[in-house]
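No gaps in the numbering here: position 74 of the sequence shown is 142 in the working numbering, and each next residue is one more. Where is the CB? At the ideal position from N, CA and C, for every residue including glycine. Encoded as structure tokens, the structure appears first; notes follow it.
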Amino acid sequence: MPHLIWAPSALLDVQRAYRFLAVKNADAASQAVKAIRAGVKIIARHPEIGRPAEDLEPEYREWPIGFGDSGYVVLYRHDGELVTVLALRHQKEVSF
69 MPHLIWAPSA LLDVQRAYRF LAVKNADAAS QAVKAIRAGV KIIARHPEIG RPAEDLEPEY
129 REWPIGFGDS GYVVLYRHDG ELVTVLALRH QKEVSF
């Protein structure tokens, strides 16, 4: 299994998502973070699973993570034995 690392900016994205949801529902915010972590674990085990990211080199990929009526999209880079989570966005956000 490839080694997984989180870019500091991606960790900030997760914190931002948590804070946004926690204002209205702390339980939902915690569940969202759990869903994000579970989705990233799938990427770590199967890094080729994501779709190639538009307008980027082939090693950059996107993986949707469902949550509620929508979810999140993770941008990551798969380079041999290393998977780097680069960013996280809500599916309703325009782009990375």
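Asked: Rounded separation between residue 137 and residue 111 - CA only; Found: 22 angstroms
Asked: Helix, strand or coil at residue 155 according to DSSP, with G and I counted as helix; Found: strand
Asked: Range covered by the alpha helix (DSSP H) that runs through residue 107; Found: 94-113
Asked: Counted within 10 angstroms of its Cβ, other Cβ atoms place residue 141 as buried (16 or more) or exposed; Found: buried
Asked: Residue 82, enclosing alpha helix (DSSP H) - first and last residue; Found: 76-90
Asked: Environment of residue 94 [buried if 16+ CB atoms lie within 10 Å]; Found: exposed
Asked: Straight-line gap, residue 79 to residue 155 (C-alpha atoms, nearest Å); Found: 8 angstroms
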